[in-house]
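Here is the structure we will look at.
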Amino acid sequence: MPLPHAVPQDTAESPKPTAGIGSSAATADELGQYLAQHGVPEIVEVLLPDTHGVLRGKWIPGGAAGKIWSDGVAIPSSIFGLDVWGREVEETGIHIETGDKDGLCWPVPGTLKPVPWALRPSAQVLLSMSEPDGTPWVLDPRHRLADQVARFAALGLTPCVAFELEFYLFRQAPGPDGVPEPVFASKSGPARQNMYSMSDLDAYAALLHEVREAARIQGLPTDTVISEAAPGQYEVNLYHRADPLAAADDAILLRRLIDGVARRHGLRASFMAKPFLEFAGSGMHVHVSLLNRAGSNAFGAPDTGDVLLGQAAAGLLATMAETALFYVPSYNGFRRLVPGSYAPTGINWGYDNRSVAVRVPNGPPKARRLEHRIAGADAHPHLVLAAILAGMLEGIEKQLVPPAPLTGNAYEAEVEHLTYSMREATADFAKSDFVERAFGSEFRRVYAVMKEAEAAAFERRINPLEYETYL
2 MPLPHAVPQD TAESPKPTAG IGSSAATADE LGQYLAQHGV PEIVEVLLPD
52 THGVLRGKWI PGGAAGKIWS DGVAIPSSIF GLDVWGREVE ETGIHIETGD
102 KDGLCWPVPG TLKPVPWALR PSAQVLLSMS EPDGTPWVLD PRHRLADQVA
152 RFAALGLTPC VAFELEFYLF RQAPGPDGVP EPVFASKSGP ARQNMYSMSD
202 LDAYAALLHE VREAARIQGL PTDTVISEAA PGQYEVNLYH RADPLAAADD
252 AILLRRLIDG VARRHGLRAS FMAKPFLEFA GSGMHVHVSL LNRAGSNAFG
302 APDTGDVLLG QAAAGLLATM AETALFYVPS YNGFRRLVPG SYAPTGINWG
352 YDNRSVAVRV PNGPPKARRL EHRIAGADAH PHLVLAAILA GMLEGIEKQL
402 VPPAPLTGNA YEAEVEHLTY SMREATADFA KSDFVERAFG SEFRRVYAVM
452 KEAEAAAFER RINPLEYETY L
């Protein structure tokens, strides 16, 4: 099934971080270049990721696209006080109590791209919200990530980042028991797991190649495609970028791309963290190295690299419980933290060990990096990365010393474990001095209030097993 309106283009340059303020000649020129190459689209989809990573926004007629760059896009600032279902969480105090005022959103440079899977000629552009006077809106996750990038820059360091995204492909209709049915490429064996199978890639080659082609058209730097550890589960990796904001933008837009292409094939792509208890959950692994002013990997420096890497790892471990709500933001996501689910559960680290939370992959010094393995695929890439960078800075600035790296099966090690409870994780987050220092008291308050409301909504529903057992 070929992509409609797929206009081949060279891979775009890495998007540059936006300051969240008004139009400039450079950003306005981006629109001009797009129109010269692709013509005027019927619509431009302006995309603003909310606090949960849900893309919200508007359709704007292509003929009026210039106003996006010249005037910005007005969207209620209370969009960052919606729950995961898109409902107002009154306890945040940022809705009608404030007059439900507008924020002013500006395009993120480098993100104006065609939408290859759209049925009509369309473009999309990512937005970031500011106050009308240009001050970055305190509740916009992209700005909170920018804060951490600026802190690293003050130390003469630039995080170099890559995301890995796991997801399931489901049939559109659920199975006879109402449970979503994954696509089974393999018919052999009771579990049909078939990990890393080439035949499972071949079975859905048309869809996966269309994902790769759409990513090329949009300039998203996709790398490896893998058949993962469960039936119907796949992983798409992104190349590393020496621009953390662009790397997080890539991750959130890749999720949209995969979903859009899957729908064209009559399937559903899901980034739900734990759709099946018996199969692996879907994670969002994040690789981070640090470049010095010379552009070399600071973790690979002969005399200081190992110490710096250890400090960064120690900071991640010291702050992991307090920031777990960023990595595991959904009620379902905490099911993924049960031992045996292919997700790390302990607060630990190690070398070339996939059972730990923070892994140092094998490789030469120039490729030395930390792989953070806690986040679910449903997490907000900007908040996940902001928490990782803030944790690394905590270790570097305080010169923390990590515990001994674990070897062997980390699930059997006697270490502190992350909570399985969303309520407990929210309580840890809400009282965290570290979160307040890194993200601000207002962001900490609003995020915790929304997650408390989300947990309460699930607790007010009766589980089908209760009916089966007690009715």
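Note that my numbering has the sequence shown beginning at 2, numbered continuously upward. Here a beta-carbon is modelled for each residue, glycine too, at the ideal position from N, C-alpha and C.
Buried versus exposed call for residue i [16 or more other C-beta atoms within 10 Å across all chains shown]
i: Ala-26; result: Note that Ala-26 scores 45 on pLDDT, short of 50, meaning its location in the model is unreliable and no value can be drawn from it.
i: Tyr-328; result: buried
i: Gln-400; result: exposed
i: Trp-86; result: exposed
i: Met-196; result: exposed
i: Met-199; result: exposed
i: Asp-244; result: buried
i: Pro-330; result: buried
i: Arg-121; result: exposed
i: Lys-275; result: buried
i: Val-339; result: exposed
i: Phe-459; result: exposed
i: Pro-366; result: exposed
i: Ile-463; result: exposed
i: Gln-34; result: exposed
i: Ala-380; result: buried
i: Pro-62; result: exposed
i: Asn-238; result: buried
i: Val-41; result: exposed
i: Glu-398; result: exposed
Rounded separation between residue i and residue j - CA only
i: Leu-113; j: Leu-127; result: 7 Å
i: Ser-433; j: Tyr-205; result: 45 Å
i: Ala-1; j: Val-402; result: One cannot answer for residue 1 here, as it falls past the ends of the chain, which runs 2 to 472.
i: Leu-291; j: Thr-346; result: 26 Å
i: Thr-180; j: Trp-70; result: One point to set straight first is that residue 180 is Val, not Thr, in the sequence displayed. The alpha-carbon atoms of Val-180 and Trp-70 are separated by roughly 45 Å.
i: Val-447; j: Gly-104; result: 17 Å
i: Pro-382; j: Ala-252; result: 6 Å
i: Arg-461; j: Ala-207; result: 42 Å
i: Met-451; j: Ala-37; result: 43 Å
i: Gly-176; j: Tyr-235; result: 20 Å
i: Ser-24; j: Leu-32; result: Because Ser-24 sits at a pLDDT of 40, beneath the cut-off of 50, its placement in the model cannot be relied upon, and the following sentence gives the value as read from the coordinates. For Ser-24 and Leu-32, the distance between alpha carbons rounds to 11 Å.
i: Phe-444; j: Val-184; result: 39 Å
i: Leu-318; j: Leu-309; result: 14 Å
i: Asp-250; j: Ser-79; result: 21 Å
i: Tyr-412; j: Glu-425; result: 21 Å
i: Gln-125; j: Leu-472; result: 50 Å
i: Gly-157; j: Asn-293; result: 6 Å
i: Cys-161; j: Arg-143; result: 17 Å
i: Leu-466; j: Ala-270; result: 27 Å
i: Gly-111; j: Leu-221; result: 11 Å
i: Trp-118; j: Glu-469; result: 43 Å
i: Ala-344; j: Phe-430; result: 21 Å
i: Leu-83; j: Glu-98; result: 14 Å
i: Gln-173; j: Phe-272; result: 15 Å
i: Asp-30; j: Leu-384; result: 30 Å
i: Glu-417; j: Phe-335; result: 16 Å
i: Arg-217; j: Thr-159; result: 26 Å
i: His-39; j: Gln-219; result: 12 Å
i: Leu-268; j: Ala-414; result: 40 Å
i: Ala-163; j: Lys-102; result: 36 Å
Beta-bridge pairing of residue i - partner residues as DSSP gives them
i: Gly-135; result: None, per the DSSP bridge assignment.
i: Leu-371; result: Val-289
i: Pro-160; result: Leu-291
i: Phe-171; result: Pro-183 and Arg-269
i: Leu-50; result: The displayed chain sequence assigns Pro, not Leu, to residue 50. Answer is Leu-56, bridged to Pro-50.
i: Ser-228; result: Tyr-235
i: Gly-284; result: Gly-377
i: Gly-347; result: His-418
i: Ala-211; result: According to the sequence shown, residue 211 is Glu rather than Ala. Its beta-bridge partners do not exist; DSSP assigns none.
i: Val-41; result: Its beta-bridge partners do not exist; DSSP assigns none.
i: Glu-165; result: Asn-238 and His-286
i: Asn-354; result: Beta-bridge pairing links Asn-354 to no other residue.
Chain B within 8 Å of residue i, Cβ atoms only
i: Asp-379; result: Absence of chain B from the displayed structure is noted, only one protein chain being present.
**Request:** Report yes or no: do the region 404-411 and the region 347-358 share at least 3 C-beta pairs separated by less than 8 Å?
**Result:** yes
**Asked** Counting Cβ pairs, one atom from each stretch, are 3 or more of them under 8 Å apart for the region 383-390 and the region 297-304?
**Response** no
**Request:** Note down, one range per segment and in chain order, each beta strand (DSSP E) of at least 3 residues found wholly within the region 239-273.
**Result:** 268-271
**Prompt:** Would you call the region 166-180 and the region 224-235 touching, i.e. three or more CB-CB distances under 8 Å?
**Reply:** yes
**Request:** Assess, as a yes-or-no matter, whether the region 273-285 is touched by the region 304-313 under the definition of 3 or more beta carbon pairs within less than 8 Å.
**Result:** no
**Message:** Can you confirm whether the region 53-70 touches the region 146-155 when touching is taken to mean that 3 or more C-beta pairs between the two stretches lie within less than 8 Å?
**Reply:** no
**Item:** Touch test, the region 360-370 against the region 252-265, Cβ-Cβ under 8 Å, three pairs minimum
**Value:** no
**the region 268-281 contacting the region 354-364, beta-carbon criterion three pairs below 8 Å** = no
**Those runs of the alpha helix (DSSP H) which lie wholly inside the region 365-431 and span at least 4 residues** = 382-398 and 423-431
**Message:** For a minimum of 3 consecutive residues, which ranges assigned as the beta strand (DSSP E) are wholly contained in the region 57-133?
**Reply:** 74-77, 103-108 and 123-131
**Prompt:** Counting only runs that start and end within the region 430-460, where is the alpha helix (DSSP H) found for 4 or more residues in a row?
**Reply:** 434-440 and 442-460
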